[in-house]
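Everything below concerns the one structure shown next.
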Amino acid sequence: MKDSIDNICFSFWNSAVLRAAIKLGIFPLLEQPISAREVSDHLKANPGFVQAFLESCAGLGLLEKEEGNFKNSQVASKFLIPDKPEYQGDYIVHITNFWYTWGNLDQLIREGRPDFPFENGFVDAATYWTSYIKGRHNLAMAGQGAVLAEYTNLNNRRKMLDLGGGSGSYSIALFDTPRSKDAGILHSTTQLADPDRNQEQ
666 MKDSIDNICF
676 SFWNSAVLRA
686 AIKLGIFPLL
696 EQPISAREVS
706 DHLKANPGFV
716 QAFLESCAGL
726 GLLEKEEGNF
736 KNSQVASKFL
746 IPDKPEYQGD
756 YIVHITNFWY
766 TWGNLDQLIR
776 EGRPDFPFEN
786 GFVDAATYWT
796 SYIKGRHNLA
806 MAGQGAVLAE
816 YTNLNNRRKM
826 LDLGGGSGSY
836 SIALFDTPRS
846 KDAGILHSTT
856 QLADPDRNQE
866 Q
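Numbering of the sequence shown is given in our numbering, commencing with residue 666 and proceeding in unit increments.
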């Protein structure tokens, strides 16, 4: 019974490891087995800390260890490599941007108010909104866009205005048909740290 409480208590440690691995760029390095020393050299980081960190990732099933080398697990290779279609790294970073907010949940309940990461200083507004847009793009590309298109009938429509459309992922999914359609996307670029890059995506 105590184990179930412990699992809840320590679960944020696991998400901290996952977030750090994404932000450090660990997974693109480990599509092929390499040593902890090679990883630390690439990151210009402390070898002992990198070794311990990679062991932690392996313990969580994110990496596999073979003859002293580390490589991505199957799930990490599928969902945590930026160039792959089901990549979820941006979405994970966005969700974990709320750590400080959740850490003050008791106070927020007393005060009856929300608290966004850019309001409490965990990240700035541009970083928050950029990770949000990219995270939604991850979800759309991983299947949400296809599901939306499957259940939305636009057979008699040729034009669409997507308000707050972000990267345009859902518009692309809706209009990904043999018929020619035009979609306009309106989104405030002041929310994006790199709006040109997001529009290109």
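Glycine included, each C-beta is placed from N, C-alpha and C at the ideal position.
DSSP places Leu-728 in no alpha helix (DSSP H) but in the uninterrupted beta strand (DSSP E) bounded by 728 to 731. In the three-state scheme derived from DSSP, where H, G and I count as helix and E and B as strand, Asn-818 is classed as coil. Residue pairing for Lys-736: DSSP places it in a beta bridge opposite Glu-729.
Excluding the 5 residues flanking it on each side, Asn-679 has same chain C-beta neighbours closer than 7 Å at Leu-725, in chain order.
In the structure shown, Ile-746 falls within a coil segment according to DSSP collapsed to helix, strand and coil. Using a 10 angstroms sphere on the CB of Thr-795, the tally of other CB atoms reaches 16 or more, which defines it as buried. Residue burial annotation: Val-758 is buried, with at least 16 other C-beta atoms found within 10 angstroms of its C-beta. Distance from the CA of Asn-734 to the CA of Lys-824, rounded to the nearest whole angstrom, comes to 53 Å.
By the CB criterion at 9 Å, Ala-811 and Ala-838 fall inside the cutoff.
Here Gly-754 is near Ile-687, since their CB atoms are less than 9 Å apart.
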